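Written out below as structure tokens is the structure these notes cover.
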Amino acid sequence: MAIWTTLDPVDLSYFDTAQHSFSYDVDVPGADPDTVWADIVAPQPLPWVRALRGHYLSPEPLGVGSRREVAVLRGVMTLREHFFLWDNTIHRHSFYATEASVPLFRSFAEDYHVTALGSGSRFTWRFAFDAHRGFGPIVAAGVPLNRRLFASIIGDTQRHFDTQYPARGGVL
96 MAIWTTLDPV
106 DLSYFDTAQH
116 SFSYDVDVPG
126 ADPDTVWADI
136 VAPQPLPWVR
146 ALRGHYLSPE
156 PLGVGSRREV
166 AVLRGVMTLR
176 EHFFLWDNTI
186 HRHSFYATEA
196 SVPLFRSFAE
206 DYHVTALGSG
216 SRFTWRFAFD
226 AHRGFGPIVA
236 AGVPLNRRLF
246 ASIIGDTQRH
256 FDTQYPARGG
266 VL
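Using our numbering, read the sequence shown as starting at 96 and increasing by one per residue.
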């Protein structure tokens with residue numbers, strides 16, 4: 096049984112102040128923002144990402160205050176998440192982890208934002224985290240591993256959207 100560690104809540108400014116912050120863009124020329132957003136907020140979270148398995152703990156309709164649990168790398172670590180921003184009109188939501196099954200992080204958050212890009216879309220996915228007290232050197236040493244994990248997540252996401260919504264013969 097996991098011993099859960101409580102993480103600190105954050106807000107949008109955290110993505111500019113965190114010890115570690117990463118931002119990735121996934122361009123989807125074959126789908127408009129409404130279509131991409133519908134995939135991202137589907138009842139089964141991000142099923143195309145091999146490194147993640149998650150489910151919502153909150154009933155629909157989902158929005159600010161919703162909760163989700165996500166296992167990373169087949170349960171090496173599990174995060175419980177709280178959505179502090181959810182705006183379907185601008186295709187954006189953000190959450191912070193409230194608890195983690197491994198005590199590496201003091202705080203952890205993600206921000207998803209889909210915008211129009213020519214005739215298609217851009218999905219910007221941001222990750223940010225601070226090390227838990229005493230784990231700074233371990234977290235810093237793990238940054239290359241995190242970069243590989245994030246690259247895998249983004250690669251799976253790009254493949255999903257490229258397969259589901261191939262470009263329609265135009266240029267972004």
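No residue lacks a Cβ here, since even glycine has one placed at the ideal position from N, Cα and C.
This one's a predicted model, so the numbers in the text were calculated from it and none came from an experiment.
Among Thr173, Ala133 and Pro128, nearest to His150 - alpha-carbon criterion: Within the sequence shown, the letter at position 55 stands for residue 150. Among Thr173, Ala133 and Pro128, the Cα nearest to that of His150 belongs to Thr173.
Residues near Thr219 in its chain [Cβ-Cβ closer than 6 Å; skip 5 each side]: Residue numbering aside, residue 219 sits at position 124 when the sequence shown is read from its first letter. Counting only residues of its own chain and dropping the five nearest sequence neighbours on each side, Thr219 has a CB closer than 6 Å to the CB of Asp120 and His208.
Reduced DSSP secondary structure (H/G/I, E/B, other) of Arg228: Looking up residue 228 in the sequence shown gives position 133. Assigned with DSSP and collapsed to three states, Arg228 falls in coil, not helix or strand.
Extent of the continuous alpha helix (DSSP H) run through Ser214: The count along the sequence shown starts at 1 and reaches residue 214 at position 119. Note, Ser214: premise wrong, no alpha helix (DSSP H); not H, not E.
6 Å CB neighbourhood of Gly265 in its chain, flanking five on each side removed: The count along the sequence shown starts at 1 and reaches residue 265 at position 170. Since pLDDT at Gly265 reaches only 48, below the 50 mark, its modelled position is unreliable, and no value is offered.
Outcome for Leu267 when other beta-carbon atoms lying within 10 angstroms are tallied against a minimum of 16: Against the sequence shown, residue 267 aligns to sequence position 172. A caution first: Leu267 carries a pLDDT of 46, below 50, which makes its placement in the model too unreliable to give a value.
Cβ neighbours of Ala223 in the same chain (closer than 7 Å, five flanking residues each side left out): Mapped onto the sequence shown, residue 223 falls at position 128. The beta carbon of Ala223 is closer than 7 Å to those of Tyr109, Phe110, Ala113, His115, Ser116 and Ala204 in its chain, skipping five residues each way along the sequence.
Residues near Val105 by beta carbon distance below 7 Å, same chain, minus five either side: Residue numbering aside, residue 105 sits at position 10 when the sequence shown is read from its first letter. Once the five neighbours on either side are set aside, the close Cβ partners of Val105 are Tyr191, Ser202 and Ala204.
8 Å Cβ shell around Arg163 - same chain, five flanking residues per side excluded: Mapped onto the sequence shown, residue 163 falls at position 68. Correct list, in chain order: Pro140, Gly149, His150, Tyr151, Leu152, Ser153, Arg175, Glu176, Phe178 and Phe190.
Beta-carbon separation (whole angstroms), Asp251 vs Val167, contact threshold 8 Å: For this step, residue 251 is matched to residue 156 along the sequence shown. For this step, residue 167 is matched to residue 72 along the sequence shown. In fact, because the Cβ distance is near 13 Å, the residues do not count as touching under 8 Å.
CA-to-CA distance, Val131 to Thr258, given in whole angstroms: Within the sequence shown, the letter at position 163 stands for residue 258. Within the sequence shown, the letter at position 36 stands for residue 131. Straight-line spacing of the CA atoms in Thr258 and Val131 works out to 13 Å.
Bridge-paired residues (DSSP) for Ala192: Against the sequence shown, residue 192 aligns to sequence position 97. BP columns for Ala192 point to Glu176.
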